[in-house]
Structure formats: C-alpha cells, structure tokens
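Structure first, then comments.
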Amino acid sequence: MRNKPKVVWIQALTCNGNTQSLLSSNASRFEQFLNQFELVYHPSLTHHTTLNDVLQSNASYDFLLIEGALTSNTQFLTLSDQSSTAIVEKLIKRSHYVIAVGSCASYGGVHAKFEHNDDVVGVQSVVGKKSACKSGHDTINLTGCPVHPEWILQTLYTLKAKGNIALDDEQRPIELYSHLAHHGCTRNEYFEWKVESKSFGLKEGCLFYEQGCRGPMTHSSCNKILWNDTSSKTRVGMPCIGCTETDFPRENMLETKKNIGIPAEVPLGISKRAYLSLTGIAKTFKIERLIGKLIDENR
Amino acid sequence: MKTVDIIERIEGEAKLNLHWKNNRVNDAYIEFLNFRGFEYMLEGKAPLDALVYTPRMCGICGQAHLLATVNALEDCYKNANIELHVTAKAKILRELGLIIEIVQSHIKWFYFFIMPDINAASMTPRKEFEPLKGQQWLKAQRASSEITKALALFAGQWPHTSYMVPGGVMCDPTHMDMILVENYIDQTIAYFEKELVGMEMQNYLTLSQTDDLKLLKGDIKSFLKMSFEQSLEKIGQSYNRFFVISDACGFHKGKIRLKNVSKFEMNKIKEHDDFTFELNSKIQKKEKYGWAKTVKYDNLFYETGPLARAMTQNRRFIKQLHKTYDDSVLTRVMARVDEIAYLLQTAKTMLHTLDISEESYIAPKTALKEINSTFGTGFIEATRGALKHELIIHEGKIKSYDVVTPTVWNLGPGEKPDYGVAQKALIGLNSLQEATIVLRSFDVCSVCTTH
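Here the protein sequences come in this chain order: A and B.
So for the first sequence, the UniProt record's numbering puts the first residue at 1; every next one is plus one.
So for the second sequence, the UniProt record's numbering puts the first residue at 1; every next one is plus one.
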C-alpha cells in the first residue's frame, strides 16, 4: 500500500451520526489520521471534490467507507441521481477494502425498521461477504449506532499496517468486538453480587435486571475504549441497548424481559440453570458496601 | 434558463433547482430526496423506545430530539392526569446536555460548513480555513470534540445517548464530574476568546452597536472582511419573521412578525404536504418535488434558529446588526456565533445553581405502557431552531408520532409567490456561488428536513 492511503467516505440512508462520531475523535488521533491518510472525499467535509467527481473518476481507492443503509429504491433515496446501491456497486470494484461504518451500513440498522421500503439493507447484502473489492478482503462491518471513532481509526491503521484484519461471524474485527460492553463497566461489582439498581439515576446497582442493560450479551468495547475519551452509557447509568448487535433496535429496550421474574436472556456463554444457581448463591451474601450509597458525604 | 445543482456538505444532499432571468434567480426550488420514515417506524413501539429512536433522526442534534421526546412523554402523563415530579437538577442536566450539543455544532458549522465556501469565494483565501488541513479547521475539530467530553461526563457518550427519561435523568454525576464539566466549559470559553473573537467573552457580551464589529479580532474578523468583500450583508434576506418555540436554555418563546415579540398559539402551527412526495406512489404528482414538508404559523412562513432566538431574546448586538443588515447571511452567521457566547455563559450559570444532592430521577407512579390512552407534545429549541414532537399513546403503545423539525420551518417548500423561508432568500441572487452561501446560512440538514 502507498504511503498515504486514499479514503473515500460515502453516505446513504443515515442520520450522520457516524460522521459526527468521527468528528468527535480524540483531536490528536484525528489530526494524525488526516496526516497519514488522504481523505479524498467525504460529503460533509471535503470541499473541492464532489460525489460526481468520485464516480466519474477512474482512480483506485484504498478504503471505501460507507455510512448508512443502502437501498436500490430510488423513491426514497437518490444521490447524485443514482441509487445508493448502484453507487456502491460501482465504487467497490475500484476499492481495496470496503468498510461498513456503523450498524445501518452493516445490516440496515434503525433504517431497516421503515417497513414501507422493504429494500433497506447493509453493505454486505449488496456486495457479498466475500466482496468484489480489489484486495479480496471480506467486507468489514464496524457495527454500533454510532460506531466509536477509535474503532474506525484502529481498523484503518491495522489494515494499513497488516493488510488484513481478523473478523468474527458478523464480519466485525475480532479485536474490537470480542469484548462485551460489560467488560470494564464500573458497575460490575454489583453484577457479580446480583445487586440490582433500584431505579434510574443512581450510581449504585446493576442495570441488567430491570433496566434492560445488554452489557453482558453485547459484543463491543464501549467500556474498554471509552466514549469521547471519557465515559460510557453504562458507567453513567444508561443501560446498554445492544447497538452493536444485529438485532438492534429491539422492542422494549429500556426494560428487561423476564419469565417468572427471571431474565429471559442470561449473560453470554452460561446456561440459564447455572446462572440461576450462581445468582441464588450470590444473593445470600449481604455485602454492606454494596447496599448503601457509594458516596455518602454526611459520614 | 434553468440549472440544477447538487449541494453537498449540508449533512446530506439537496438539489438546488434555479430558474434564471437576466442573470438573476427568479424562481428557486430546493429538493430533498432522502426519506427514512422515522414517524412510521415509531408506530406500534413501546413509548420508552422513542427515547432510543428519536435521537437517531439526526446524529447532529440527537440531544434536542431526546429532550423533545422526554417533554412529549411527560406531557402524556400530564394529559393522563398523572402527577410527575422532575427535580431542578434533572432539568439542568438535560438543558446542559442540549447546550453542549448546540455549542459544539455551531463551532463545527462555522468552520466546516460555511467558512470553506466564503473562504473559497474570497479574493484572498486563507489556508488556515482549508478543510481537513488548515490550522483553524483543525482547532475547531479539537474544540468541538473537547467540549463534547463535558457531555459524556453525565450522558455517557455523544452522539446518540438516551440519558434523559420521563421523571428525570439516568445519570448521577458527582461533584468532581461537574467540576470537570465546568473545566471543559471554561476551556471552550478560552477557545472562543482566543480563536473566534479575539477578546474576553465578558467584553464580547457587552457589544451592542453595529460599529462594534470593528472591535472583533480572531477568525470573526476574517469572516467579516470576507463577508463585506462578498456583500454577504446584502444577500440572503427573507421574510424577517421569526419564531422561537421554547423558553428552555434561557431562550424567549415568541414570534416576531412586524416589530415586537408577541405570544403565539400552538394550534396555529400547521404542517402540510402539498409539495411533499407521497409515500405510496412511485410516480409523484407534478407539484410534489421532495420529501420535505411545509410548516407555517397562521399561514405565514417564519424563520427559526439562532437569529430568531437572538431577536426574541433581545440580544442587543445581534438586534443592532439586524437593524443595519436585516436577516442577511452576515446577520445569520453572526447570530449563530454570538449564541456560542450566550450559551457558554448560560451553562456557567446553570452549573452554579445545580444542587447535586437532589434526586436525578423520581419514578413516575405509572409506566407509560400501562396507560390506555393519552397524548403529548414536546417543544424544544434545537441547534437549528424550533423542534416539536407530538405523539398519541393507545393501549400502551405509540399510535402515531409527528415531528416538525427546525429545517422544515426554514427549508420546507413553498411555491411562487408564497415561497418558503430559504427559497425566498434565494430569489434575486446573481450567481450559484451566492445561492450556495445563502442556502448554507440556514444551516441546512437534509436528514433533519425529511426525517
């Protein structure tokens, strides 16, 4: 690969959230990215190049990044007078790697919930898992609504350095998606001892039992690579809504589905029976520090 | 003569359809061809799921959508006669989130969206404003990503958090968290002072005359120089009617039709789709030319957004600029920049009144999904202006959801001679370059316009 790989970013059915996420990157990292890669085209950022320029050129691009779900239905979306599907089909042949940026580009995401258009799909549905891109590398899905900006940068840097990246069953980079959102959550001690949060708006307690938190079954490094270099949803008290998994968005996201008081789904990799036994035992402990307020300034 | 141009760098894409006569625009249509159908997606969903869906209508102003949803859901309780308590702390943490979102968006808009065009059209373009390369462009990215950390301290992340919920907020920040939030606000104030206006913010906030423009230094000075060179104080005028939908964040709800601010009646806000594509038709009727709807108050178009807010709020500097230059591109850009200072100061005041010992969240007595039938409306000022959410709950599910976004007010379609706000501002211009800058002065967001 040349010293300064060329990056083209296009947008289809999107809310612009992944672009906003990228722009919220750590500033030093973002500047480094701009120095070491050439962002040839981005609909919100580049000034001298238009999408038409890109489409009419014969140039090869190292990275084709796609934000948003694709549709061939021109009733609901045309870009430069073409369908988003047609644009991707054209550009993929001229690109070394194709990366779906965000859940919408990966599998349709929120936009696939618009039932009047039954043709809202992710990139791999158009170009295939074994994509026709020049390197022959599988289509890479960076799921997340939005995707974490570091996940984009680390994927680009890794491909630049190594030429390929190991993917999981959902075509996501293993290094970024092997962790669960649960890993690194500051509420983990509450999870271990089955101390549930009494309500929203508290530092104390686990959000898994009542508030619908998907941390223990969601592949994502949100609590390992913090958002905005600062925090994560679960750290502040918002349950994980599982936005990196292909069943997002689900129904009743802010409550835990239960059968006879037992969560319908248990943490990944453990049988329900084992989980219940463990819960029973953990609950027999009365751990004083987990019962009261974490910070009591009147002490 | 007719020309059709595709406009990018507006958070999506739009088509600018201009009709020329004697080298001037004598008819203009703005086409938005992207439709995602959020209102349809929400039908049949659990009411609280709206908190997850609506921020995703727009990745740029997700917090505004979240707050509008929360306000609408809380209004559902009110209309069902169920008492709800929301603490002052929760209200501050919500509005603070919105303020941070607006501030970082204004910074990005100025450097990433409007300055590159004005700079490129200048006789003396400066490389510090060059997208992706220029020092001032890069500093803007740094400043906007830094202040977003303040939001992440209590919202977990940005974009796309849903930390607000009927009854309060999900977070419970510590004293130190909030001190850190203030540190980031102060850092942004320092950025505003050093890079944008070249003077202390307190001094900036005392500016009150058009002549005071001469006192400005920093990048605003460059902007002004280029603007006067390109006569941006003389173009972009529309109806000179302004509309502000909410008092939150210290704004002043009201409308200005002739001169003074007056109250408005919510039921006079009417949305229609005379020019809007039909959902169930592959071949659209001739008069329909895009996915944007039209919204009017009392059958008149009104401009919404930072300029409208400065006008109803009587912020002196912008009022004087408006007196001199009307609702021109220059006034509109200055209103947006001026709002950064106003909001940073408001954020400081809010932080000083925040009582961290209050409850973050007080659970409503009944869950929304247990309410058989109710309805609610939520109003909020988003980055680009008036935002309204309205929903009906039936048998515990969302029966219908309607959203009127700021860009529907400003960019929604009209037809000769009753043009929409931005459409009217385009009439009479004498180049595509001017038309692009005028259109951009409304902070166009295609995804927000069509949602």
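Just so it is clear, CB atoms sit at the ideal spot from N, CA and C, and this is done for glycine as well.
Just so we're clear, the structure is a prediction, and the values are computed from it rather than from any experiment.
| query | result |
| --- | --- |
| is_contact[P406(B), chain A] using C-beta, thresh 8 Å | no |
| Own chain partners of V169(B) with C-beta closer than 7 Å, once the 5 adjacent residues on each side are dropped | A90, L93, R94, Y163, S360, Y361 |
| 8 Å Cβ cutoff, N26(A) in contact with chain E | The structure shown contains no chain E; its protein chains are A and B. |
| For L91(A), the three-state DSSP class (helix, strand or coil) | helix |
| Cβ neighbour criterion (16 or more within 10 Å) applied to H85(B) | exposed |
| Test item: CB-CB of L426(B) and L439(B) under 8 Å | yes |
| Proximal residues of chain B, C-beta to C-beta of W227(A) below 8 Å | A152, G156, Q157, W158 |
| Residue 495(B): first and last residue of the uninterrupted alpha helix (DSSP H) it sits in | Past the edges of chain B, shown from 1 to 451, lies residue 495(B), and the structure says nothing about it. |
| Neighbour-count burial assignment, Q171(A), 16 or more Cβ in a 10 Å radius | buried |
| Cβ of T174(B) within 8 Å of any chain A Cβ | yes |
| Under 9 Å from the C-beta of F112(B): neighbouring residues of chain A | L23, S44, L45 |
| DSSP state of F277(B) mapped onto helix, strand, coil | coil |
| Interfacial residues, the stretch 25-38 of chain B to chain A, with Cβ spacing under 7 Å | L33, N34, F35, R36, G37 |
| DSSP state of P263(A) mapped onto helix, strand, coil | strand |
| Separation of R94(A) from N58(A), as counted between CA atoms | 8 Å |
| Beta carbon of M41(B) nearer than 8 Å to that of F114(A) | yes |
| Cβ pair count under 8 Å reaching 3, the stretch 239-249 of chain A against the stretch 139-150 of chain A | yes |
| Below-8 Å beta-carbon distance, C58(B) vs any chain A residue | yes |
| Cα-Cα separation, D75(B) to P364(B) | 12 Å |
| Those residues which DSSP pairs with R24(B) across a bridge | K21(B) |
| Closer than 8 Å to chain A by CB, K286(B) | no |
| Helix, strand or coil at W291(B) [DSSP, three-state] | coil |
| Per DSSP, the bridge partner or partners of K258(A) | P263(A) |
| CB of K388(B) within 8 Å of CB of T374(B), strictly | no |
| C-beta neighbour in chain B for F114(A), strict 8 Å | yes |
| Minimum C-alpha distance to S227(B) - residue among F192(B), V329(B), I380(B) | V329(B) |
| C-beta contact flag for G62(B) and H175(B) at 8 Å | no |
| Environment of D443(B) [buried if 16+ CB atoms lie within 10 Å] | buried |
| Cutoff 8 Å: R126(B) Cβ touching any chain A Cβ | no |
| Beta-bridge pairing of F375(B) - partner residues as DSSP gives them | I392(B) |
| Per-residue DSSP class, three states only, for Y40(B) | helix |
| Any chain B beta carbon closer than 8 Å to T256(A) | no |
| For N141(A), the first and last residue of its enclosing beta strand (DSSP E) | 140-142 |
| Cutoff 8 Å: I241(A) Cβ touching any chain B Cβ | yes |
| Buried versus exposed, by CB contacts within 10 Å (16 or more), M123(B) | exposed |
| Any non-hydrogen atom of the ligand GDP within 7 Å of K221(B) CB | Ligands in the displayed structure: none, and consequently the ligand GDP is not present. |
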